Amino acid sequence: MEKHRTRAQDIAKGMMIIAVVFFHCHLVTFDPPVAALSQFNILSAIFPFLLSSFFFYSGYNYNSHERTFKEKLIRRVKQLLIPLVIAFVTSTILITAMELAYNHNDVGGTFLAVGNTILYSLMSEPFALLLQYPTGPFVFELVVALGLLWFLYSLFICSIFFYLLVDHTNKSPKTLVSVVVGLLLIAFALGQFVGVYLPYTVQCYPVILAIMLTASYLRQSHFLNRRTVSKKDVLVRGINVVIAEGVIIGTCFLCYYLFGATTTGNLPGGRFDPILKGFDAFIAYAFGILGTYFLHSLCRLIKHVPVVGKCLQWVGNHSAMFYLFHPIFLDLAAIVIFQKKIIWGQGQAYFYVFVVVGLLTITCLLMDFIIKKVHKKEITDEVRNREAPEDI
Numbered sequence: 383m384e385k386h387r388t389r390a391q392d393i394a395k396g397m398m399i400i401a402v403v404f405f406h407c408h409l410v411t412f413d414p415p416v417a418a419l420s421q422f423n424i425l426s427a428i429f430p431f432l433l434s435s436f437f438f439y440s441g442y443n444y445n446s447h448e449r450t451f452k453e454k455l456i457r458r459v460k461q462l463l464i465p466l467v468i469a470f471v472t473s474t475i476l477i478t479a480m481e482l483a484y485n486h487n488d489v490g491g492t493f494l495a496v497g498n499t500i501l502y503s504l505m506s507e508p509f510a511l512l513l514q515y516p517t518g519p520f521v522f523e524l525v526v527a528l529g530l531l532w533f534l535y536s537l538f539i540c541s542i543f544f545y546l547l548v549d550h551t552n553k554s555p556k557t558l559v560s561v562v563v564g565l566l567l568i569a570f571a572l573g574q575f576v577g578v579y580l581p582y583t584v585q586c587y588p589v590i591l592a593i594m595l596t597a598s599y600l601r602q603s604h605f606l607n608r609r610t611v612s613k614k615d616v617l618v619r620g621i622n623v624v625i626a627e628g629v630i631i632g633t634c635f636l637c638y639y640l641f642g643a644t645t646t647g648n649l650p651g652g653r654f655d656p657i658l659k660g661f662d663a664f665i666a667y668a669f670g671i672l673g674t675y676f677l678h679s680l681c682r683l684i685k686h687v688p689v690v691g692k693c694l695q696w697v698g699n700h701s702a703m704f705y706l707f708h709p710i711f712l713d714l715a716a717i718v719i720f721q722k723k724i725i726w727g728q729g730q731a732y733f734y735v736f737v738v739v740g741l742l743t744i745t746c747l748l749m750d751f752i753i754k755k756v757h758k759k760e761i762t763d764e765v766r767n768r769e770a771p772e773d774i
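Residue numbers for the sequence shown follow this note's numbering, so the first one is 383 and each next one is one higher.
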């Protein structure tokens, strides 16, 4: 069976997850958090496809001959829902313990705040605001930790519809185009006429599904992994990288001058898109395709850089653990460092990133060591089987 994942994919995922951690660290360290949006706008103007690329790779790696629909669904439950529950429970326990240690004089108030936060997160923010809940205190760090898990349940729900549609769209370009256009029109209508965030990020599902379906179709023509056989091919690929990123940045500037916005939510149809925080559904879709091509092509060059390529590939192999655990370490640093009023100056956010990434790296290394000790032969065989091959 052909392996769909490649080294360049792992490197791309490594770069993307570090960028996600970087922004979340900045979001927590800025006071007020909205002050981080100026840097976020710059980051989004250069890389407005980071989260979309995760969804693109998920669709791109789809193998229609692997399993039945039921088997695929069970696999997704194991991959996404079980880690989601584990991360939810672990975050709640650890952050509650940290809050109790910090507010040991008010145990009752701490448990009340934690309870409010859990219900607030389970209802999702739109429901909570509609019901004007909570009326009492809540734990901001826990809100951040549980809120960042939206990616997992969004991917799971979109995967269900993806499995139902993908075999049909892969057979016919006309079917693909009609389904994608329909999904983008739905996303546009939600952003244009609903006027509020929908519970559980529902407004972003049509765009995610459109990106996943397109990626699966493009896999048939090896969209990301065309063979490089000569210096001329390398030069052409390098030029394509520059052109792709130029189009992305150019579109951002065009949107700014036409609509007075980059990611501030002023674009028609894109006011409540959580993937890109303000881009129109059609632009978000285009960035998901074009941006992933740019990123993957860039990573095909980065993989030849000594040390850097290997390190990013290792992070990419552990991107799921980085995503699941980084909210916990974010909150740990927020409580231990920033609530104690230790001032690091303008570089505090970068120090924060260094601490969180360091803790994540140590945790992944430790868990790898424990797993290999407990199931040495099985893990060795599994790692060998899952090694990412070279690009096609």
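By construction, the Cβ of each residue, glycine as well, lies at the ideal position given by its N, Cα and C atoms.
Bear in mind that the values here come from a model prediction, so they are computed numbers and not experimental data.
I think residue i touches residue j, with their Cβ atoms under 8 Å apart; what is that distance to the nearest whole Å?
i, j, result
"E354", "I477", "Beyond the ends of the chain as shown, which are 383 and 774, falls residue 354; an answer cannot be given."
"Y442", "L566", "About 19 Å separates the two Cβ atoms, so there is no contact after all."
"F436", "L528", "Their Cβ separation, rounded to whole angstroms, is 19 Å, which puts F436 and L528 out of contact at 8 Å."
"V589", "A571", "Not a contact, Cβ separation roughly 12 Å."
"V738", "H708", "6 Å"
"I393", "G691", "6 Å"
"L672", "V629", "6 Å"
"L595", "F544", "7 Å"
"K395", "G740", "19 Å between Cβ atoms; not a contact."
"V521", "E481", "6 Å"
"Y579", "I539", "With 8 Å as the limit, Y579 and I539 do not qualify as a contact, their Cβ atoms being about 16 Å apart."
Could you check if residue i is buried or exposed, using at least 16 other CB atoms within 10 Å of its CB as the buried criterion?
i, result
"R791", "The chain is shown from 383 up to 774; residue 791 falls before or after that span and cannot be answered."
"R766", "Here the model assigns R766 a pLDDT of 45, short of 50, so the residue's position is not dependable, and the following value carries that caveat. Exposed, since its Cβ has fewer than 16 Cβ neighbours within 10 Å."
"N487", "exposed"
"A483", "exposed"
"F751", "exposed"
"S598", "buried"
"Q585", "buried"
"D549", "exposed"
"A663", "buried"
"S603", "exposed"
"K685", "buried"
"L627", "Reading off the sequence, residue 627 comes out as Glu, not Leu. E627 is buried by the Cβ-count criterion."
Roughly how many whole angstroms lie between the Cα atoms of residue i and residue j?
i, j, result
"L677", "I710", "28 Å"
"S440", "I621", "26 Å"
"V687", "S701", "20 Å"
"F669", "Y675", "9 Å"
"I593", "Y535", "17 Å"
"K556", "G564", "12 Å"
"K553", "F451", "17 Å"
"Q514", "T492", "20 Å"
"V618", "Q391", "20 Å"
"D713", "T499", "14 Å"
"Y705", "A715", "16 Å"
"T633", "W696", "33 Å"
"P581", "T551", "28 Å"
"T646", "C637", "For T646, the pLDDT reaches just 43, beneath the cut-off of 50, and the residue's location in the model is therefore unreliable, leaving the point undetermined."
"V576", "F509", "15 Å"
"T388", "V489", "50 Å"
"M505", "R449", "34 Å"
"M397", "N445", "25 Å"
"L530", "V561", "29 Å"
"K723", "V403", "With a pLDDT of 44 at K723, under the threshold of 50, the predicted position of this residue should be treated as unreliable, and no value is reported."
"L455", "G518", "39 Å"
"V756", "C693", "25 Å"
"L558", "L433", "22 Å"
"V467", "L537", "15 Å"
Reducing DSSP to helix, strand and coil, say where residue i ends up.
i, result
"S679", "helix"
"T646", "Because the pLDDT at T646 is just 43, under 50, the model does not fix this residue reliably, and the point stays unresolved."
"L530", "coil"
"R458", "helix"
"V471", "helix"
"R449", "coil"
"Y444", "coil"
"H700", "coil"
"S603", "coil"
"K722", "Interpretation of K722 is limited by its pLDDT of 48, a score under 50 that renders its predicted location unreliable; no figure is taken from the coordinates."
"N485", "coil"
"H406", "helix"
"D662", "coil"
"K685", "coil"
"L741", "helix"
"L580", "coil"
"T674", "helix"
"T633", "helix"
"F736", "helix"
"T478", "helix"
"F431", "coil"
"T596", "helix"
For residue i, verify whether its CB is less than 7 Å away from any heavy atom of the ligand HEM.
i, result
"T743", "As for the ligand HEM, it is missing from this structure, which has no ligand bound."
Could you pull out every unbroken alpha helix (DSSP H) segment of at least 4 residues lying fully inside the segment 488-556, listed in chain order? 489-505, 507-512, 522-529 and 532-553
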